[in-house]
Amino acid sequence: MGVPSLGCHCSVCTSSDPRDNRLRPSLLLSRNGQNVVIDTTPDFRQQALRVGMQRLDAVLLTHAHADHIFGFDDIRPFNMRQRSTLPVFATKETFAILRGAFSYVFDGKPKLSTVPQVTMNLIDGPIHLLGTTIAPIPLIHGDLNVLGFRFGNAAYLTDFSAVPESSIPLLQNLDELIVDALRDTPHPMHQTVEQALVLIDRLKPRRAWFTHIAHELPHAETNERLRSLGHPNVQLGYDGLELQVMVEDAKPPIPADTAVPAGLRPFSVFSSPAAWHAHYTPLHRGSVLAIGNFDGIHLGHQEILRDVVERAAASGDVATSLPSAYPLPNSASLGSVWSALNPPLYSLSPRNSRSFLPKSSSNRFS
131 MGVPSLGCHC SVCTSSDPRD NRLRPSLLLS RNGQNVVIDT TPDFRQQALR VGMQRLDAVL
191 LTHAHADHIF GFDDIRPFNM RQRSTLPVFA TKETFAILRG AFSYVFDGKP KLSTVPQVTM
251 NLIDGPIHLL GTTIAPIPLI HGDLNVLGFR FGNAAYLTDF SAVPESSIPL LQNLDELIVD
311 ALRDTPHPMH QTVEQALVLI DRLKPRRAWF THIAHELPHA ETNERLRSLG HPNVQLGYDG
371 LELQVMVEDA KPPIPADTAV PAGLRPFSVF SSPAAWHAHY TPLHRGSVLA IGNFDGIHLG
431 HQEILRDVVE RAAASGDVAT SLPSAYPLPN SASLGSVWSA LNPPLYSLSP RNSRSFLPKS
491 SSNRFS
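Plus 130 on top of the position in the sequence shown (first one is 1) and you've got the numbering used here.
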């Protein structure tokens, strides 16, 4: 609802500390002169004016509650200035509510005035924007399935009460974590401060910032409390906070109509198991995994890789090759890779070679 809360005269709502004045939570991602907004809150216009935003290139929506979409109509000036439609990314459930709340945008009827001009893009995997990859993070918000987003070594998780176990591997090795922490008193749809600290201790980001903060948490006092509890790397976020985040350049996806030579399929290279997991887990796909150094020349290598591709095609999973020089060379180190990739996985153990897969695994191997 924002702080100050209407009609309230508590110490936070009457505070002279500007960090205790909180608009509805939203995030602006900027890179190379382009801007992407996560959620168009009822305060979107004010937020855009405050930062002097001159263009908008895309909108991502975490979910369709009023405090995250009711500024949607205010994207119109960017349509007019840029003379183009704006891509909006969301889940099917969020789009259904958005269409109802802003029916005049989507009803196809002639208009005497302007309405937002958008293209609807269903989120079913990683998103390529700003020259990098933004990965959706499935979350639970009371009885709703919602999304957070990861970009580079940072993640934005607003409005949630629980993180599914399948999302935990997507949140490893973070420099910056922005995370829901509404108040100390339990709430059915949001994390408390205590719950947020438990999650932060598990994920171990370099720094963490609370967002979606109610008027029960005074900024300065709560930060001091966090330090006294042994969490000097955790602070309350505040309006206007800016963070520098390292991201990797992403190659644009190959268009579906791109001609590919017969027998040659496009492939992707991932720098780590976590990167593989971030790309494919939102698609609910496992991996058919070949472990070894495959040069693609030796007939035995070709046979192994051909078998992996055929098994992946049959199961609907992803044909994956993991160089044995990753380095592995013991079951403990491969166990961490195994955990990061997530089942179902299959490894081919060719004759006269050694498999280092954990013995406790119940998956099938050949």
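For glycine and all other residues, C-beta sits at the position ideal for the given N, C-alpha and C.
With three or more CB-CB distances shorter than 8 Å, the segment 145–154 counts as touching the segment 347–366. LEU186 and GLY430 have their alpha carbons spaced roughly 52 Å apart. Taking HIS342 as reference, the option from PHE279, HIS198, LYS222 and ARG180 with the minimal CA-CA separation is HIS198. Restricting attention to VAL448, GLN365 and LEU190, the CA atom closest to the CA of LEU260 is found in LEU190. Taking VAL218 as reference, the option from GLU440, THR170, GLY238 and MET210 with the minimal CA-CA separation is THR170.
When DSSP states are grouped into helix, strand and coil, TYR286 belongs to the strand group. Counting C-beta atoms within 10 angstroms of its own C-beta, TYR286 has 16 or more neighbours from the protein chains shown and is therefore classed as buried.
The beta carbon of PRO155 sits closer than 6 Å to the beta carbons of THR288, THR341 and HIS342 from its chain, once the five residues preceding and following it are set aside; these are given in chain order. At a Cβ-Cβ threshold of 9 Å, HIS320 and PHE290 count as neighbours. Residue state for HIS320 is assigned as strand, using DSSP reduced to three classes. Between ARG180 and GLY370, the C-beta spacing is below 9 Å.
Following the DSSP letters along the chain, one finds PRO294 in no beta strand (DSSP E), marked with neither H nor E. Around the C-beta of SER233, fewer than 16 other C-beta atoms lie within 10 Å, and the residue is accordingly described as exposed. Counting along the chain, ASP197 sits inside the alpha helix (DSSP H) bounded by residues 196–199.
Taken through DSSP and simplified to helix, strand or coil, PRO240 comes out as coil. Under the three-pair Cβ rule at 8 Å, the segment 198–207 counts as touching the segment 238–247. According to the DSSP assignment, VAL181 belongs to the alpha helix (DSSP H) that extends over 174–181. By the neighbour-count criterion, in which a residue is buried when 16 or more other Cβ atoms sit within 10 angstroms of its Cβ, GLY416 is buried. The residue from ALA420, GLY446, ALA443 and SER445 with its alpha-carbon nearest to that of LEU435 is ALA420. Annotated as distal: VAL276 and HIS361, with beta-carbon spacing of 9 Å or more. The beta carbon of GLY282 sits closer than 6 Å to those of VAL375, MET376 and VAL377, all from its chain and outside the five residues before and after it, given in chain order. Annotation for ALA380: HIS258, GLY261, THR262 and THR263 place their beta carbon closer than 8 Å to its own, counting only its chain and skipping 5 residues before and after.
The continuous stretches of alpha helix (DSSP H) do not include ALA420, which lies in the beta strand (DSSP E) extending over residues 417–421. Burial is judged here by how many other beta carbons sit within 10 angstroms of a residue's own beta carbon; ASN303 has fewer than 16 and is exposed. The beta carbon of ILE270 sits closer than 7 Å to those of PHE290, SER291, ALA292 and PRO294, all from its chain and outside the five residues before and after it, given in chain order. Note: ALA449 is bridge-paired with VAL418 in the DSSP secondary-structure output. Short of 6 Å from the beta carbon of LEU157, and not among the five residues preceding or following it, lie these beta carbons of its own chain, in chain order: ILE168 and TYR286. ARG337 and GLN164 have their C-alpha atoms some 26 Å from each other. Across the set TYR368, LEU373, ALA444 and SER451, the C-alpha of TYR368 shows the shortest separation from the C-alpha of VAL133. Under the three-state reduction of DSSP output, GLY272 falls in the coil class, being neither helix nor strand. By the C-beta density criterion, ASP273 is exposed, having fewer than 16 other C-beta atoms within 10 angstroms. Here SER141 is exposed: its Cβ has fewer than 16 other Cβ atoms, across all protein chains shown, within 10 Å. Nearest to ILE267 by C-alpha distance, out of VAL309, GLN365 and THR315, is VAL309. For GLN302, no beta strand (DSSP E) segment is defined, and its DSSP state is neither H nor E.
Counting only residues of its own chain and dropping the five nearest sequence neighbours on each side, MET250 has a CB closer than 7 Å to the CB of VAL218 and PHE225. LEU327 is the residue among MET210, LEU327, ARG332 and VAL439 whose C-alpha sits nearest the C-alpha of ARG355.
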